[in-house]
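Protein sequence lines correspond, in order, to chains B and F. Quick note on numbering: the first sequence equals residues 0 to 275 in numbering that gives the first Met the number 0. Quick note on numbering: the second sequence equals residues 0 to 79 in numbering that gives the first Met the number 0. Please read the structure below before turning to the comments.
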Amino acid sequence: MTLATKGGTSSLEQSPALSWTVNGGMIELALHRSPCNELGSLSLLALEEFVAALDELEKNAHTLIIHSELKSGFCAGADLRELYQRSQAMEKAQAGAEVRDFLQRIHRALNRIDASPLTTIAAVHGVTFGGGFELALACDLIIADKTARFCFPELRLGLIPGFGGIPRLKRDVGNAVVRDLLLTGRSFNATKAQQVGLISQLVSEGEAFRAARATAAQIGKFDRHTSATAKHFIKPIPHAELQREIDIFCELFSRPAVQAGLRRFVESTDAQPYLP
Amino acid sequence: MPTAEKTLDEILTLAAAHFKVPREKLSPDDDFFKALGIDSLQTLDLLTKLENHFHVELPDYELQGVTDFRTLAGKIQSRL
Numbered sequence: 000m001t002l003a004t005k006g007g008t009s010s011l012e013q014s015p016a017l018s019w020t021v022n023g024g025m026i027e028l029a030l031h032r033s034p035c036n037e038l039g040s041l042s043l044l045a046l047e048e049f050v051a052a053l054d055e056l057e058k059n060a061h062t063l064i065i066h067s068e069l070k071s072g073f074c075a076g077a078d079l080r081e082l083y084q085r086s087q088a089m090e091k092a093q094a095g096a097e098v099r100d101f102l103q104r105i106h107r108a109l110n111r112i113d114a115s116p117l118t119t120i121a122a123v124h125g126v127t128f129g130g131g132f133e134l135a136l137a138c139d140l141i142i143a144d145k146t147a148r149f150c151f152p153e154l155r156l157g158l159i160p161g162f163g164g165i166p167r168l169k170r171d172v173g174n175a176v177v178r179d180l181l182l183t184g185r186s187f188n189a190t191k192a193q194q195v196g197l198i199s200q201l202v203s204e205g206e207a208f209r210a211a212r213a214t215a216a217q218i219g220k221f222d223r224h225t226s227a228t229a230k231h232f233i234k235p236i237p238h239a240e241l242q243r244e245i246d247i248f249c250e251l252f253s254r255p256a257v258q259a260g261l262r263r264f265v266e267s268t269d270a271q272p273y274l275p
Numbered sequence: 000m001p002t003a004e005k006t007l008d009e010i011l012t013l014a015a016a017h018f019k020v021p022r023e024k025l026s027p028d029d030d031f032f033k034a035l036g037i038d039s040l041q042t043l044d045l046l047t048k049l050e051n052h053f054h055v056e057l058p059d060y061e062l063q064g065v066t067d068f069r070t071l072a073g074k075i076q077s078r079l
């Protein structure tokens with residue numbers, strides 16, 4: 000772990016998965032785990048370390064921006080290879096308990112981001128799938144560039160989104176849109192996402208992070224207490240549904256179809272593992 | 000509405016430009032994964048480009064089993 004200070008900003012590199020910088024009232028959380036920021040145990044640990052630092056970071060900030068430094072996209076979701084390999088290496092009951100523990104931990108982290116008194120912005124591009132989509136949904140605003148695609152592919156694996164995606168998506172868009180995404184497993188491009196009210200701004204390729212910074216500069220003009228109060232008034236966190244989602248995910252995970260789906264994904268030499 | 004041949008030609012041109020492959024090296028019946036040297040993530044990128052260019056929405060499950068440009072063009076054409 001190293002701490003470097005440069006020109007009024009400080010940067011703390013936590014892990015290969017992510018790092019953050021504080022820059023004039025903006026906390027910028029950068030994702031950079033190749034190939035596409037898959038969320039596995041390493042990423043979760045790093046995210047938990049970031050969340051643990053938030054109490055202190057929030058004291059002198061007004062906005063949190065989450066973005067990816069990888070060309071491949073914002074985040075392709077859960078690390079399915081790790082999930083499959085770990086579940087294969089243990090007894091079914093132990094695998095189930097580990098999955099539940101993982102989900103509880105990631106929910107704690109995303110709930111903390113969701114509840115932050117800061118205004119939070121996900122600046123996304125490319126693949127924003129599964130857990131990556133769920134990370135973006137935990138934020139107050141999503142700014143997407145033209146390359147962004149949003150998807151809940153979990154049904155393809157016999158699962159539902161498990162990182163809070165369904166309750167949070169329901170909070171933001173109409174139920175018909177939720178059903179479309181969830182029950183077909185298809186992806187929406189950024190234009191469609193804007194049409195359904197999912198994203199705040201649609202910008203040119205490569206411009207999402209810049210647009211997020213400009214938005215944050217605007218947000219920084221407002222009284223922090225008032226902004227935080229307004230946010231908590233208009234953006235409830237659906238705790239009961241989030242817990243129910245974990246329970247449903249764990250019930251489904253125990254089914255043979257899920258292991259078969261994971262194995263197909265992991266062992267596929269198909270050129271199209273990210274396609275339905 | 001453009002003809003199917005025009006749609007196909009536009010797809011080939013767009014794919015060549017986006018993935019920096021000489022246009023003359025692409026043929027309608029080529030396997031686009033091999034011809035363009037792309038994986039499934041990049042295929043989604045191509046899909047986005049095509050959707051934006053043709054102003055259509057093409058569910059990605061419609062691409063299941065589609066590997067050549069001609070069939071891809073047919074899918075796009077059906078949405079115009």
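Even glycine gets a Cβ: it sits at the ideal position worked out from N, Cα and C.
Backbone CA spacing between residue i and residue j [nearest angstrom]
| i | j | result |
| --- | --- | --- |
| B:His106 | F:Ala3 | 48 Å |
| B:Arg99 | B:Leu117 | 29 Å |
| B:Gln193 | B:Gly72 | 18 Å |
| B:Asp144 | B:Val202 | 5 Å |
| F:Lys19 | F:Ala34 | 11 Å |
| B:Pro166 | F:Pro1 | 42 Å |
| B:Arg262 | B:Phe232 | 44 Å |
| F:Asp67 | F:Lys5 | 16 Å |
| B:His124 | B:Ser40 | 23 Å |
| F:Phe31 | F:Leu25 | 8 Å |
| B:Glu244 | B:Lys70 | 31 Å |
| B:Thr1 | B:Arg155 | Low per-residue confidence applies at B:Thr1: pLDDT is 35, beneath 50, and the placement is therefore not dependable enough to give any value. |
| B:Trp19 | B:Asp179 | 35 Å |
| B:Glu90 | B:Leu82 | 14 Å |
| B:Ala29 | B:Ser199 | 20 Å |
| B:Pro235 | B:Val126 | 27 Å |
| B:Thr4 | B:Asn22 | Caution is warranted here: a pLDDT of 33 is assigned to B:Thr4, below 50, making its placement in the model unreliable, and the coordinate value is therefore given only provisionally. Approximately 11 Å between the Cα atoms of the pair. |
| B:Pro34 | F:Ala16 | 24 Å |
| F:Leu45 | B:Ile141 | 22 Å |
| B:Arg80 | B:Phe128 | 15 Å |
| F:Gln63 | B:Gly95 | 32 Å |
| B:Thr214 | B:Ser86 | 42 Å |
| B:Ile97 | F:His54 | As written in the sequence, residue 97 of chain B is Glu, which differs from the Ile given in the question. Cα-Cα distance, rounded: 45 Å. |
| F:Leu11 | F:Pro21 | 10 Å |
| B:Leu148 | B:Asn188 | According to the sequence as given, residue 148 of chain B is Arg; it is not Leu. Taking the straight line joining both Cα atoms gives about 4 Å. |
| B:Lys220 | B:Arg212 | 13 Å |
| B:Gly163 | B:His238 | 9 Å |
| B:Lys191 | B:Phe132 | 15 Å |
Terminal residues of the beta strand (DSSP E) in which residue i lies
| i | result |
| --- | --- |
| B:Gln176 | Here residue 176 of chain B is Val; the residue named in the question, Gln, does not match the sequence. Per DSSP, B:Val176 belongs to no beta strand (DSSP E); it is in the alpha helix (DSSP H), 174–183. |
| B:Cys35 | Careful: B:Cys35 lies outside any beta strand (DSSP E) and carries neither H nor E. |
| B:Ala114 | Segment: none, B:Ala114 is in no beta strand (DSSP E) and carries neither H nor E. |
| B:Phe149 | 148–150 |
| B:Leu28 | 25–30 |
| B:Leu17 | 17–22 |
| B:Leu140 | 140–144 |
Same chain, Cβ closer than 8 Å to residue i, neighbours up to 5 away in sequence not counted
| i | result |
| --- | --- |
| B:Gly157 | Leu251, Arg254, Ala256, Val257, Ala259, Gly260 |
| B:Leu43 | Phe101, Arg104, Ile105, Ala108 |
| B:Asp171 | Leu136, Gly196, Leu197 |
| F:Glu56 | Glu50, Arg78 |
| B:His31 | Pro15, Ala16, Leu17, Ser18, Ser67, Glu68, Leu69 |
| F:Lys74 | Leu57, Glu61, Leu62, Val65 |
Own chain partners of residue i with C-beta closer than 7 Å, once the 5 adjacent residues on each side are dropped
| i | result |
| --- | --- |
| B:Glu57 | Ser115, Pro116, Leu117 |
| F:Gln76 | Ala3, Thr6 |
| B:Pro169 | Correcting the residue type first, residue 169 of chain B is Lys in the shown sequence and not Pro. Val177. |
| B:Glu206 | Asp144 |
| B:Asp78 | Glu37, Leu38, Gly39 |
Cutoff 7 Å: residue i Cβ touching any chain A Cβ
| i | result |
| --- | --- |
| B:Val126 | Absent from the structure is chain A; the protein chains it does hold are B and F. |
First through last residue of the alpha helix (DSSP H) which encompasses residue i
| i | result |
| --- | --- |
| F:Thr47 | 39–53 |
| B:Val284 | Nothing can be reported for residue 284 of chain B, as the shown portion of chain B is limited to 0 through 275. |
| B:Ile247 | 238–252 |
| F:Glu4 | 3–17 |
| F:Arg66 | A quick correction: the sequence has Thr, not Arg, at residue 66 of chain F. Premise fails: F:Thr66 is in no alpha helix (DSSP H) and is neither H nor E. |
| F:Leu25 | Premise fails: F:Leu25 is in no alpha helix (DSSP H) and is neither H nor E. |
| B:Ala135 | 130–136 |
| F:Leu62 | Looking at the DSSP string, F:Leu62 is not in any alpha helix (DSSP H), and its letter there is neither H nor E. |
| F:Leu35 | 31–35 |
Own chain, CB closer than 6 Å to residue i, minus 5 neighbours either side, in chain order
| i | result |
| --- | --- |
| B:Glu204 | Asp144, Lys145, Thr146 |
| B:Ala227 | Pro116 |
| B:Ala280 | Nothing in the structure corresponds to residue 280 of chain B, since chain B is present only between 0 and 275. |
| F:Leu71 | Val65 |
Distance cut-off 6 Å: residue i Cβ against heavy atoms of the ligand MG
| i | result |
| --- | --- |
| B:Gly130 | In terms of ligand content, the structure shown is empty, and the ligand MG therefore cannot be addressed. |
Mind listing, in chain order, the continuous alpha helix (DSSP H) runs of no fewer than 4 residues lying wholly within the stretch 58–100 of chain B?
79–87
Of all the residues that make up the stretch 184–208 of chain B, which are near chain F by a beta-carbon distance shorter than 9 Å?
Gly184, Arg185, Ser186, Phe187, Asn188, Ala189, Thr190, Lys191
Using Cβ-Cβ distances below 9 Å, what residues of the stretch 70–97 of chain B are close to chain F?
Ser71, Gly72, Ala75
With 8 Å as the C-beta to C-beta threshold (strictly closer), list the residues of the stretch 209–242 of chain B near chain F in chain order.
none
Which complete beta strand (DSSP E) runs does the stretch 155–224 of chain B hold, if anything under 3 residues is left out?
186–188, 200–202
May I ask you to list, following chain order, the residues of the stretch 36–60 of chain F that have a beta carbon less than 7 Å from some beta carbon of chain B?
Asp38, Ser39, Leu40, Thr42, Leu43, Asp44, Thr47, Glu50, Asn51, Glu56, Pro58, Asp59, Tyr60
Quick one: which residues of the stretch 145–161 of chain B get their C-beta closer than 7 Å to a C-beta of chain F? List them in chain order.
Lys145, Thr146, Arg148
May I ask you to list, following chain order, the residues of the stretch 23–46 of chain B that have a beta carbon less than 9 Å from some beta carbon of chain F?
Pro34, Cys35
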